[in-house]
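Start counting the sequence shown at 33; every next residue gets the next number (my numbering).
Beta carbons are placed, not taken as given, at the ideal position from N, Cα and C, and that holds for glycine.
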Amino acid sequence: MRLLREHAPVDHAELPGPAPESALAVAEQRMDIALPDELRTWLLINNLDVPAEDVDEDLACCGFAGFPDEDRFFLGVRSMERLYANHATPTGVNPPDQPDHPFWRNEWIPFLSDQDGWAGYFVDARDGRVGSWRTGEISTTGTFASLADYFDSLGDLLERIAAGDHPVCSVAEGRLVWM
């Protein structure tokens with residue numbers, strides 16, 4: 033967030049701020065899963081739910097466009113909980129006959145998604161690793177060893193963008209601009 037504030041201050045200024053601890057407790061209760069420590073820390077600093085009046089009910093997820101890329105965005109507590117509910121299954125694994133190669137496990141908590149909820153990243157509540165999913169495909173686990181590693185890679189991306197060394201993104205007037 034420091035790098036976003038430094039390189040794209042207008043985008044950073046529009047972010048809504050922290051989630052209250054009570055919202056996290058309610059989400060954990062509804063999802064029936066504890067948030068991993070790194071995800072909890074992130075949400076206590078950055079709850080990226082859009083204001084209720086800006087929510088588009090026709091979309092699976094709502095978020096702030098343009099961060100971390102042009103097609104996906106970080107989920108706030110409300111969007112995270114909604115997307116989790118869309119994927120969770122009574123058996124805990126989808127499909128239930130493929131527990132070693134599932135599309136989804138109930139231990140996975142989404143934190144980044146596209147608007148349709150068809151693709152994104154999740155944190156595995158069992159070990160904190162970050163993986164990715166895409167509807168209709170086997171999900172990938174361990175894409176990053178932790179949420180901190182994912183954010184380190186995002187920091188590297190923001191540095192490249194700020195240096196003018198990214199093929200499809202630049203900074204103009206304090207905003208990330210995707211081409």
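query: Tell me, which residues are paired with residue 52 by DSSP?; result: In the DSSP output, where bridge partners are listed per residue, residue 52 has none listed.
query: Which residue from 164, 113, 175 puts its Cα closest to that of residue 60?; result: 113
query: Opposite residue 136 in the DSSP bridges: which residues?; result: 126
query: Can the beta-carbon of residue 109 be found less than 8 Å from the beta-carbon of residue 56?; result: yes
query: Do residue 207 and residue 103 have their C-beta atoms within less than 8 Å of each other?; result: no
query: Let me confirm a value: residue 196 is counted as buried when at least 16 other C-beta atoms fall within 10 Å, else exposed. Which label applies?; result: exposed
query: DSSP has residue 105 in a bridge; who is on the other side?; result: 100, 145
query: Would you kindly report the start and end of the unbroken alpha helix (DSSP H) that includes residue 42?; result: 41 to 45
query: Would you kindly work out how many angstroms separate the C-alpha atoms of residue 74 and residue 136, rounded to a whole number?; result: 23 Å
query: Quick check on the DSSP output: the beta strand (DSSP E) that includes residue 202 runs from which residue to which?; result: 201 to 204
query: Quick check on DSSP: helix, strand or coil for residue 208?; result: strand
query: Answer yes or no: do residue 142 and residue 116 have a C-beta to C-beta separation smaller than 8 Å?; result: yes
query: Among 39, 123, 35, 140, whose alpha-carbon lies nearest the alpha-carbon of residue 205?; result: 39
query: Can you tell me the Cβ-Cβ gap for residue 167 and residue 151, rounded? I've got them flagged as a contact below 8 Å.; result: 7 Å
query: Could you tell me whether any non-hydrogen atom of the ligand HEM is closer than 7 Å to the CB of residue 79?; result: The ligand HEM is not part of the structure shown, which contains no ligands of any sort.
query: What residues match up with residue 183 in a beta bridge as DSSP calls it?; result: Paired residues: none, contrary to the question.
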